[in-house]
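Chemist: As you go down the protein sequences, you meet chains A and B in turn. Reminder that position 37 of the first sequence reads as 37 in the working numbering, one-by-one numbering, no gaps. Reminder that position 233 of the second sequence reads as 1233 in the working numbering, one-by-one numbering, no gaps. C-beta atoms are modelled at their ideal positions from N, C-alpha and C, and glycine is treated no differently. As the structure is a computational prediction, the values presented were derived from the model and not from experiment.
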Amino acid sequence: MVDETTTGASARSEYEDALRREIETKLRAGLDTEVEPRADTHERVQEIITRLRTSDGSLEVKLVIGGFTLEPIEHGGIEQACETCMYYLVHRKWCELPELDLPVEPQWSCRLWRI
Amino acid sequence: MANLLWLQGGACSGNTMSFLNAEEPSAVDLVTDFGINVLWHPSLGMELGDNLQKLLRACVSGEIALDIFAFEGTVVNAPDGTGDWNRFAGRPMKEWVRELANVAQFVVALGDCATWGGIPATAPNPTDSQGLQFLKRERGGFLGPDFTAKSGLPVINIPGCPAHPDWITQILVAVATGNAGEITLDEFQRPKTFFTSFTQTGCTRNMHFAYKVSAPEFGQRKGCLFYDLGCRGPMTHSPCNRILWNRQSSKTRAGMPCLGCTEPEFPFFDLEPGTVFKTQTVMGVPKDLPAGVDQAGYIKLTGAAKAAAPAWAEEDIFVV
Ligand code: SF4
């Protein structure tokens, strides 16, 4: 008997892997993202979140406004990597910040990082 | 028999409502089982006008022994120190407070307003309000730092906005039954029995706190409210998750962050839109960390907890 839950889960995981690869390709190709200024203050966080909320929500726009990078950014003596970010789901390798909601890798980073 | 007098200054009556909801023991139990004689209370007192003034004067003169003076609300000093914005029984309330506190065996401050000024005393404090023996964190308040009641104890502070019903009645019973000696107070004169542990103690979200799983929305059963919604449970002293509200719940159990209302700085925020119910961060790290944890320790702990988090911590185990 086919386990539909398992089938559904693996389809989802394939889709997420493909999307993760697509993000990596875009960043490797030199997509110019807003790595700075980092979201150091509450006001800055709100500003970036508002821009994300009012954007068209496309993948590229999320990556640019979020300031995505393929490696951790060291800021204020703290290494900011998805791996340690509050919004990172370790097992799913997923960013659950509602305005991003994207597959990520542990060593990636974005300027909305928070712990 | 212990005589209890309860007055109300700059207040919303929240602590009165709380008191009337008490269950263990109830307000009625105080009278029937624990020998407390309620001389007067804003919602229960029978005397009005001249009769009330007579009663209060009899307490001040010693004609009626005042065992417990309970005060709810701030001491209002405005305008210009006269206290005229809060007149009661023919004179500024603050004058009654001073005279009654001086003759009472025990003085009990109920709720944040009476303890440290609460919301009314938040800047710009237009009513020039004070708590009985504190103004926010600063010792002194209306009665001054050296005040002690006739029993030798300073004001017993039972903070909260409002205080939990049973914190109120249990302390009143302890005092009325001669067990005040067993009440030890912390640096803010709060009974240690209630205010040594944290709101987080007993919180059903502790496992999500441990594995750093956040609840980004109100009312969710999964996730900890500290990371996004500004919950102050890890740094607020209260037994809200040990002595439950209505005997069955608490803010955090209902998916609502703790506001830290038993601490002198409450309400903490400048009330600008977007600052309330939002964890404030500096460079991605929460501004207010759990009590006793420093930034470096917090970062290490979080990294390790994330790495060790089991898969179930990411799922909503409550909907299965
Ligand atoms: S918010 Fe956190 S998990 Fe999401 S992309 Fe940015 S750093 Fe990674």
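Can you give the Cα-Cα distance for residue 1208(B) and residue 1200(B), rounded to whole angstroms?
Modeler: Residue 1208(B) and residue 1200(B): Cα-Cα distance of roughly 12 Å.
Chemist: I need the boundaries of the beta strand (DSSP E) containing residue 75(A), first residue and last residue.
Modeler: 73-75 is the extent of the beta strand (DSSP E) around residue 75(A).
Chemist: If you follow the beta strand (DSSP E) that residue 1038(B) is in, where does it begin and where does it stop?
Modeler: Run containing residue 1038(B): 1036-1040, per the beta strand (DSSP E) assignment.
Chemist: Is the Cβ-Cβ distance between residue 1267(B) and residue 1158(B) less than 8 Å?
Modeler: For residue 1267(B) and residue 1158(B), no; Cβs fall outside 8 Å.
Chemist: Nearest to residue 1231(B) by alpha carbon, out of 1275(B), 1145(B), 1243(B)?
Modeler: The shortest Cα separation from residue 1231(B) among 1275(B), 1145(B), 1243(B) belongs to 1275(B).
Chemist: Using a Cβ-Cβ distance under 8 Å, would residue 90(A) count as near chain B?
Modeler: Chain B contact via Cβ: present.
Chemist: Within 10 Å of its beta-carbon, does residue 107(A) have 16 or more other beta-carbons around it, so buried, or fewer, so exposed?
Modeler: Answer is exposed; the Cβ neighbour count stays below 16.
Chemist: Could you pull the start and end residues of the beta strand (DSSP E) that residue 1371(B) belongs to?
Modeler: Because chain B here runs from 1001 to 1320, residue 1371(B) falls outside it and cannot be looked at.
Chemist: Given a threshold of 16 other Cβ atoms within 10 Å of its Cβ, counted over all protein chains shown, does residue 19(A) qualify as buried or as exposed?
Modeler: Classification of residue 19(A): exposed, given that the 10 Å Cβ count is below 16.
Chemist: Per the DSSP calculation, residue 1227(B) is bridged to which residue(s)?
Modeler: Paired residue(s): none; residue 1227(B) is not in a bridge.
Chemist: Please confirm whether residue 1394(B) has its beta-carbon closer than 8 Å to some beta-carbon of chain A.
Modeler: In the structure displayed, chain B extends from 1001 to 1320; residue 1394(B) sits before or after that span and is not available.
Chemist: Please work out which residues of its chain come closer than 8 Å, Cβ to Cβ, to residue 1(A), disregarding the five sequence neighbours upstream and downstream, and give them in chain order.
Modeler: Here the model assigns residue 1(A) a pLDDT of 41, short of 50, so the residue's position is not dependable, and the following value carries that caveat. Cβ neighbours of residue 1(A) beyond the five flanking positions: none.
Chemist: Pick helix, strand or coil for residue 1152(B), following the three-state DSSP scheme.
Modeler: Residue state, collapsed to three classes: coil.
Chemist: List the DSSP bridge partners of residue 1196(B).
Modeler: Per DSSP, none; premise fails for residue 1196(B).
Chemist: In angstroms with no decimal places, state the Cα-to-Cα distance between residue 1005(B) and residue 1089(B).
Modeler: Distance between the alpha carbons of residue 1005(B) and residue 1089(B): 14 Å.
Chemist: Would residue 1111(B) pass as a contact of residue 1014(B) if the rule is Cβ separation under 8 Å?
Modeler: Yes, the Cβ-Cβ distance between residue 1111(B) and residue 1014(B) is below 8 Å.
Chemist: In whole angstroms, give me the CA-to-CA distance for residue 1164(B) and residue 1148(B).
Modeler: Approximately 25 Å, taken between the alpha carbons.
Chemist: Is there contact here, the segment 26-36 of chain A with the segment 67-84 of chain A, by at least three beta-carbon pairs under 8 Å?
Modeler: With the cut-off at 8 Å, the segment 26-36 of chain A and the segment 67-84 of chain A touch.
Chemist: Any heavy atom of the ligand SF4 closer than 7 Å to the CB of residue 66(A)?
Modeler: Within the cutoff, so yes.
Chemist: How close, in whole Å, do the beta carbons of residue 1099(B) and residue 1011(B) come, if the pair is a contact with beta carbons under 8 Å?
Modeler: So it is not a contact: roughly 19 Å between Cβ atoms.
Chemist: Could you tell me which of 1035(B), 1028(B), 1041(B) sits nearest to residue 1016(B), measuring between CA atoms?
Modeler: The shortest C-alpha separation from residue 1016(B) is found at 1041(B).
Chemist: Between 8(A), 75(A), 9(A), 16(A), which lies nearest to residue 103(A) when the distance is taken from Cα to Cα?
Modeler: Closest option to residue 103(A), Cα to Cα, is 16(A).
Chemist: For residue 1303(B), would you say it is in contact with chain A, using Cβ-to-Cβ distances shorter than 8 Å as the test?
Modeler: So, interface residue.
Chemist: Can you pull the chain B neighbours of residue 76(A), defined as C-beta to C-beta under 8 Å?
Modeler: Correct list: 1283.
Chemist: In its own chain, which residues sit with a C-beta less than 7 Å from the C-beta of residue 1137(B), not counting the 5 before and 5 after it?
Modeler: Taken in chain order, the residues that qualify are 1264, 1265.
Chemist: From the DSSP output, which residues share a beta bridge with residue 1275(B)?
Modeler: In the DSSP output, where bridge partners are listed per residue, residue 1275(B) has none listed.
Chemist: Less than 8 Å between CB atoms is the rule here; does residue 1094(B) satisfy it with respect to chain A?
Modeler: No, its Cβ sits nowhere closer than 8 Å to a Cβ of chain A.
Chemist: Between which two residues does the alpha helix (DSSP H) carrying residue 1031(B) extend?
Modeler: Segment 1027-1032, the alpha helix (DSSP H) holding residue 1031(B).
Chemist: What residue range is occupied by the uninterrupted beta strand (DSSP E) comprising residue 1008(B)?
Modeler: That run of the beta strand (DSSP E) goes 1002-1008.
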